[in-house]
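Enquirer: Numbering (our numbering), first residue to last: 97 to 212.
No residue lacks a Cβ here, since even glycine has one placed at the ideal position from N, Cα and C.
See below:
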């Protein structure tokens with residue numbers, strides 16, 4: 097078992113339950129950790145037999161661009177896309193951090209984590 101991680105994907109998106117969030121948006125940071133077996137790809141030096149970081153980043157950016165009220169929803173959409181597009185995937189962990197959330201407090205970020 098091996099792990100492929102893409103950490104610190106930055107997106108500006110329009111998620112949230114408040115109307116203002118749909119208009120002004122917010123900064124998000126997404127971390128993706130994927131459990132796979134990349135021994136064969138390592139032995140053969142073959143990208144097609146492992147998880148491509150470029151595809152992971154593209155999936156995250158595309159799903160973050162679709163507005164949702166809840167970042168929990170976005171997390172599951174990212175997970176579903178990764179499972180559909182990566183036959184090597186054994187399990188995954190996605191964390192979405194919403195930077196400076198509008199919650200009447202001095203908070204760096206709120207986050208959700210989806211694991212499967």
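Determine the contact status of residue 182 and residue 151, defining contact as a CB-CB distance below 9 Å.
Expert: It is a contact, given that the beta carbons lie within the stated cut-off.
Enquirer: Tell me the rounded alpha-carbon separation between residue 97 and residue 211.
Expert: Taking the straight line joining both Cα atoms gives about 16 Å.
Enquirer: Go to residue 138, then tell me how far its alpha helix (DSSP H) extends in each direction, as first and last residue.
Expert: 135 to 140 is the extent of the alpha helix (DSSP H) around residue 138.
Enquirer: Within 10 angstroms of the Cβ of residue 203, are there 16 or more other Cβ atoms? Answer buried if so, exposed if not.
Expert: The residue is exposed, with fewer than 16 neighbouring Cβ atoms inside 10 Å.
Enquirer: Taking only three categories from DSSP, how would you classify residue 189?
Expert: Three-state DSSP puts residue 189 in a strand.
Enquirer: How big is the Cα-Cα spacing for residue 282 and residue 184?
Expert: The first residue shown for the chain is 97 and the last is 212, placing residue 282 beyond what the model contains.
Enquirer: Mapping DSSP to helix, strand and coil, what is residue 165?
Expert: It is coil, neither helix nor strand.
Enquirer: Can you tell me which of the three DSSP states residue 184 falls into?
Expert: Residue 184: coil per DSSP, three-state reduction.
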